[in-house]
Amino acid sequence: MKIEEAIKQKKFESDVQKAYLNIIYTAGWLQTKMKDLIRNYGITSQQYNVLRILRGKYPENANPKEIKDVMLDKNPDLTRLCDRMLKMGYIERAICESNRRKMNIAITEKGLALLEELDPIVLSHFDQISDNAKIDFSILSDMLDEIRNEK
4 MKIEEAIKQK KFESDVQKAY LNIIYTAGWL QTKMKDLIRN YGITSQQYNV
54 LRILRGKYPE NANPKEIKDV MLDKNPDLTR LCDRMLKMGY IERAICESNR
104 RKMNIAITEK GLALLEELDP IVLSHFDQIS DNAKIDFSIL SDMLDEIRNE
154 K
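FYI, the numbering for the sequence shown is 4 to 154, going by my numbering.
Below, the structure written as structure tokens:
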């Protein structure tokens, strides 16, 4: 569906405005698709993102700042997010031995198992997007990087 149809707008001020609105609309659409994929597993997309970050560091720990710096959604209250994940058994927290003011966060075996279960589902979703879109996603990614290239 073209962006004009999706947002019921026929004219745009410029091609930049049209592309900008299309990126925002498509990002929301993609986020909704991901939420729908993981909803049955009882986690949010932010929690999924944190688990993936922690798996990337595994078996090492991460501190909250390291996690927040690379999160896709910078808005969530990471402390509360981690509190919920701790109660679900997906992460563990410990006070840093070298700096008692710092907290270390690690993914648990249960968290790793959840990601292992979700991996084929998410990869299938990516494959479906790739099959439907028929574009070079490497070029698209480079173009999006260029948009964020602040000089």
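Where a beta carbon is used, it is the ideal one built from N, C-alpha and C, also for glycine.
None of these values were measured; they are calculated from a predicted model.
Locate the beta strand (DSSP E) running through A155, then write down its first and last residues. Shown here, the chain extends from 4 to 154; a query on residue 155 therefore has no answer.
Within a Cβ cutoff of 6 Å, which residues of the same chain sit near N52, ignoring the five residues on either side of it in sequence? Translated into the one-based positions of the sequence shown, residue 52 becomes position 49. For N52, where only same-chain residues beyond five positions count, the Cβ hits under 6 Å are M74, L75.
Boundaries (first-last residue) of the beta strand (DSSP E) holding R96: Along the sequence shown, one-based indexing puts residue 96 at 93. From DSSP, the beta strand (DSSP E) with R96 extends over 94–98.
Which ranges does the beta strand (DSSP E) cover as unbroken runs of at least 3 residues, wholly within the segment 17–66, from first to last along the chain? No beta strand (DSSP E) of 3 residues or more sits fully in the segment 17–66.
What residues in its chain sit with their C-beta under 8 Å from that of I70, if we drop five residues either side in the sequence? Numbered from its first residue, the sequence shown carries residue 70 at position 67. Closer than 8 Å at the Cβ level, and outside the excluded window around I70, lie V53, I56, L57, L81, I108.
Hey, is the segment 112–123 in contact with the segment 85–94, meaning 3+ C-beta pairs nearer than 8 Å? With a cut-off of 8 Å, the segment 85–94 and the segment 112–123 count as touching, because enough Cβ pairs lie within range.
If we ignore side chains and look at the alpha-carbon of each, how far apart do E8 and S101 end up? For this step, residue 8 is matched to residue 5 along the sequence shown. For this step, residue 101 is matched to residue 98 along the sequence shown. When rounded, the distance between both Cα atoms is 57 Å.
If you drop the 5 nearest sequence neighbours on each side, which residues of the same chain put their C-beta closer than 8 Å to that of K38? One-based indexing of the sequence shown puts residue 38 at position 35. The residues are T47, S48.
Out of I26, K5, I124, which one is the CA nearest neighbour of D148? Counting from one through the sequence shown, the residue named residue 148 turns up at place 145. With distances taken between Cα atoms, D148 lies closest to I26.
In this structure, does DSSP put I138 in helix, strand or coil? Within the sequence shown, the letter at position 135 stands for residue 138. Looking at I138 - three-state DSSP - the assignment turns out to be coil, as it is neither helix nor strand.
Going by C-alpha to C-alpha distance, which of N64, D72, L89 sits closest to K105? Here residue 105 refers to the residue found at position 102 when the sequence shown is read from its first residue. Checking every option, the nearest Cα to that of K105 belongs to N64.
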